[in-house]
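Peer 1:
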Amino acid sequence: MRLLALKIGSANFTAGHLIAGPGVAGIRRIPIPLNAAWETCRDLLINIADDDEVAAVGIACSGPIRTPDGAIAPPGISQWRSGFAIADAVRRTFPAATVEIASDRRCLRLAEQNITPVAGADMVLVGAGILALVTTSRLCHSLPALPMPNSAGMVRRPTWPITCHHTGPV
Numbered sequence: 000m001r002l003l004a005l006k007i008g009s010a011n012f013t014a015g016h017l018i019a020g021p022g023v024a025g026i027r028r029i030p031i032p033l034n035a036a037w038e039t040c041r042d043l044l045i046n047i048a049d050d051d052e053v054a055a056v057g058i059a060c061s062g063p064i065r066t067p068d069g070a071i072a073p074p075g076i077s078q079w080r081s082g083f084a085i086a087d088a089v090r091r092t093f094p095a096a097t098v099e100i101a102s103d104r105r106c107l108r109l110a111e112q113n114i115t116p117v118a119g120a121d122m123v124l125v126g127a128g129i130l131a132l133v134t135t136s137r138l139c140h141s142l143p144a145l146p147m148p149n150s151a152g153m154v155r156r157p158t159w160p161i162t163c164h165h166t167g168p169v
């Protein structure tokens, strides 16, 4: 089972899958097209899933994010200006997955609170990955066993429980 992380930026979709550490691997970044933004995003997520079942998807978005329906209207995607129900669209693509959306600032804080920053890491994307992990309660019980190496190779454990600000039922 894979846990996916998606970052919706002003010009790019960035996605990867969560690995122990926690970190994000298999990262792909693609420009947001003028047309067919959802189809491009969906194809990226399907590519990252790589035929594995997806258990959860954490999404970081600059906003605005409308709760409780999980619609987003990021400034870089003109097709979504009136709001796009991305949580529903992701659930249709991965029916077994839980989906959680948070602002890119919340995802950044989530990553900074729980792991030691690694040079070159996209901490917002890592935060979206942690968000996916936190929403999967079955996996949350095993979190303390995950080693978290810092930049010096030292292993540190996060302070549990992870602080996660739920954005409402999505």
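Numbering of the sequence shown is given in numbering that gives the first Met the number 0, commencing with residue 0 and proceeding in unit increments.
Just so it is clear, CB atoms sit at the ideal spot from N, CA and C, and this is done for glycine as well.
(1) What residues match up with residue 2 in a beta bridge as DSSP calls it?
(2) Which value, in whole angstroms, describes the spacing of the CA atoms of residue 17 and residue 11?
(3) Could you tell me if residue 30 is buried or exposed, where buried requires 16 or more neighbouring beta carbons within 10 angstroms of its beta carbon?
(4) Quick one: what's residue 99 bridged to in DSSP?
(5) Grab me the residues of residue 81's own chain with a C-beta within less than 8 Å of its C-beta, minus the 5 sequence neighbours each way, in chain order.
(6) Who are the near neighbours of residue 123 in its chain, counting only those whose CB is closer than 8 Å to its CB and skipping five residues on each side?
(7) Using the Cβ count rule (16 or more neighbours within 10 Å means buried), how would you classify residue 113?
(8) With 16 other CB atoms within 10 Å as the buried threshold, where does residue 19 fall?
(9) Quick check on DSSP: helix, strand or coil for residue 139?
(10) Would residue 48 be called buried (16 or more neighbouring beta carbons within 10 Å of its own) or exposed?
(11) In chain order, what residues of the same chain lie with their CB nearer than 7 Å to the CB of residue 3, ignoring the 5 residues before and after it?
(12) Mind reading off the beta-carbon distance from residue 100 to residue 86? Whole number of angstroms is fine, and I expect it under 8 Å.
(13) According to the Cβ coordinates, are residue 75 and residue 9 closer than 7 Å?
(14) Go ahead and pull the three-state DSSP assignment for residue 75.
(15) Three-state secondary structure (DSSP) at residue 26?
Peer 2: Once the coordinates are examined:
(1) As a first step, residue 2 is located in the sequence shown; it is residue number 3 there, counting from the start. Bridge partners of residue 2: 55.
(2) What you label residue 17 is simply residue 18 of the sequence shown in a count that begins at 1. What you label residue 11 is simply residue 12 of the sequence shown in a count that begins at 1. C-alpha separation (whole angstroms): 19 Å.
(3) As a first step, residue 30 must be located in the sequence shown, where it is residue number 31. Classification of residue 30: exposed, given that the 10 Å Cβ count is below 16.
(4) Position 100 of the sequence shown, counting from 1, holds the residue named residue 99. According to DSSP, residue 99 bridges with 57.
(5) For the purposes of this step, residue 81 is identified with residue 82 of the sequence shown, where counting begins at 1. 72, listed in sequence order.
(6) If you number the sequence shown from 1, residue 123 lands on position 124. Within the same chain, residue 123 has close Cβ partners 6, 59, 103, 106, 107 and 110.
(7) Counting from 1 along the sequence shown, the entry for residue 113 is found at position 114. Buried: at least 16 other Cβ atoms inside 10 Å.
(8) As a first step, residue 19 must be located in the sequence shown, where it is residue number 20. Its Cβ having fewer than 16 others within 10 Å, residue 19 is exposed.
(9) Counting from one through the sequence shown, the residue named residue 139 turns up at place 140. Residue placement at residue 139 is poorly supported in this model, since its pLDDT is 46, which falls under 50; the coordinates still yield a value, given next. It is helical.
(10) The sequence position of residue 48 within the sequence shown is 49, counting from 1. Its Cβ being crowded by 16 or more others within 10 Å, residue 48 is buried.
(11) Within the sequence shown, residue 3 is the residue found at index 4, counting from 1. Cβ neighbours of residue 3 beyond the five flanking positions: 14, 16, 44, 47, 48, 53, 56 and 131.
(12) Here residue 100 refers to the residue found at position 101 when the sequence shown is read from its first residue. Here residue 86 refers to the residue found at position 87 when the sequence shown is read from its first residue. Their Cβ separation, rounded to whole angstroms, is 6 Å, which keeps residue 100 and residue 86 in contact under 8 Å.
(13) The sequence position of residue 75 within the sequence shown is 76, counting from 1. The sequence position of residue 9 within the sequence shown is 10, counting from 1. Result yes, Cβ atoms of residue 75 and residue 9 sit closer than 7 Å.
(14) Here residue 75 is taken as the residue at index 76 of the sequence shown, counted from 1. In the structure shown, residue 75 sits in coil (DSSP, three-state: anything other than H, G, I, E or B).
(15) Indexing the sequence shown from 1 puts residue 26 at position 27. The answer is strand: DSSP assigns residue 26 an E or B state.
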